[in-house]
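In our numbering, the protein residues as written are 1465 to 1789.
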């Protein structure tokens, strides 16, 4: 039900969004009253923002060179060197590190304790019917966002792998990926934690040579170990974190060449999707505007029959969302 140009545009839009967040994190771009954001003003080597930006740019250049030389672990090496360089410059976050600072029992008050009274309290004059409608809208919105986030990661990863997997196998593996992601989402929400989804950082695995499910299994065990190492992350300089975010965004942007921007009927919806994800800080805004634009272009250009029924349904839902939300 989703046009190919929108799928690729979502992947590129998320890449732009991630890169933009990385630029903000290292203070490469800062808030500005006249133009919303602007490039950081270089105020000398003693200025935190200036040095953080310079260090981030140098780290990105190093990662790019290592990647060009086909050095495995280019991102990790670049990040470690940025951290080492940040220490004598005083760019790291000062604070006490406690490996046992986490309260693992804090999850107990919310784990598997569902509360459905919201159907009655948030239904307004419509009562339970209104609550069900509101809950349905929220579930549909979260579902669409989760599916698109997962699909964008799969598309970006598959593109980095140079489409070496046969298309039939790819479709089957995408189905398995969505099933695993859906199970994780349900379990995570039942535990009362933030939505569990497929992370775009998976593209880094593909870049470093990961090709089989063993990569995912190893990563899952490393996540368990990271629970105790995570407190160290609080002192990692923002310049080092930003390099990972920006370079991941660059990898995801590589799918743009799959979009035919010479055809404005395909290019305009893709552009809206790509642009409005980072500009509005919302994945759903970019997807909805791109899909609605695509559908209306097809209708008024006499190609209404080319639009799938699922696309029409999603367009209708997005239009209603724009009107009532």
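Here a beta-carbon is modelled for each residue, glycine too, at the ideal position from N, C-alpha and C. This structure is a prediction, so every number in the text was calculated from the model and none was measured.
Could you check if residue i is buried or exposed, using at least 16 other CB atoms within 10 Å of its CB as the buried criterion?
i            : result
residue 1478 : buried
residue 1546 : buried
residue 1633 : The predicted position of residue 1633 is uncertain, since its pLDDT is 47 and thus under 50; a value taken from the coordinates is nonetheless stated next. Exposed, because fewer than 16 other Cβ atoms sit within 10 Å of the Cβ of residue 1633.
residue 1752 : buried
residue 1581 : exposed
residue 1621 : buried
residue 1552 : exposed
residue 1607 : exposed
residue 1717 : buried
residue 1503 : exposed
residue 1527 : buried
Assuming residue i is part of the beta strand (DSSP E), what are its boundary residues?
i            : result
residue 1500 : 1500-1503
residue 1476 : Here residue 1476 belongs to no beta strand (DSSP E); instead the alpha helix (DSSP H) covers 1468-1489.
residue 1579 : Residue 1579 -> no beta strand (DSSP E), and no H or E assigned at all.
residue 1511 : Element bounds for residue 1511: n/a, residue is neither H nor E.
residue 1570 : Here residue 1570 belongs to no beta strand (DSSP E), and DSSP marks it neither H nor E.
residue 1494 : 1493-1496
Suppose you measure from the CA of residue i to the CA of residue j; what does that come to, to the nearest Å?
i            : j            : result
residue 1699 : residue 1540 : 17 Å
residue 1518 : residue 1491 : 10 Å
residue 1721 : residue 1476 : 10 Å
residue 1525 : residue 1531 : 10 Å
residue 1755 : residue 1745 : 17 Å
residue 1604 : residue 1506 : 46 Å
residue 1656 : residue 1570 : 11 Å
residue 1660 : residue 1508 : 42 Å
residue 1688 : residue 1681 : 11 Å
residue 1520 : residue 1575 : 39 Å
residue 1773 : residue 1468 : 15 Å
residue 1677 : residue 1516 : 37 Å
residue 1782 : residue 1602 : 12 Å
residue 1510 : residue 1648 : 46 Å
residue 1673 : residue 1738 : 28 Å
Assuming residue i contacts residue j under a Cβ cut-off of 8 Å, what Cβ separation, rounded to an integer in Å, is found between them?
i            : j            : result
residue 1741 : residue 1480 : 7 Å
residue 1748 : residue 1609 : 6 Å
residue 1556 : residue 1550 : 5 Å
residue 1759 : residue 1776 : 7 Å
residue 1543 : residue 1667 : Actually they do not touch by this definition, with Cβ atoms about 15 Å apart.
residue 1451 : residue 1474 : Outside the displayed range of the chain (1465 to 1789) lies residue 1451, so it cannot be described from this structure.
Going by DSSP, what residue range makes up the alpha helix (DSSP H) through residue i?
i            : result
residue 1682 : 1677-1693
residue 1535 : That residue, residue 1535, is in no alpha helix (DSSP H); it is neither H nor E in DSSP.
residue 1728 : 1728-1744
residue 1704 : 1702-1717
residue 1771 : It is not in any alpha helix (DSSP H) - residue 1771 carries neither H nor E in the DSSP assignment.
residue 1756 : 1747-1764
Is the stretch 1711-1719 touching the stretch 1482-1490 in the sense that three or more CB pairs, one from each, lie closer than 8 Å?
-> yes
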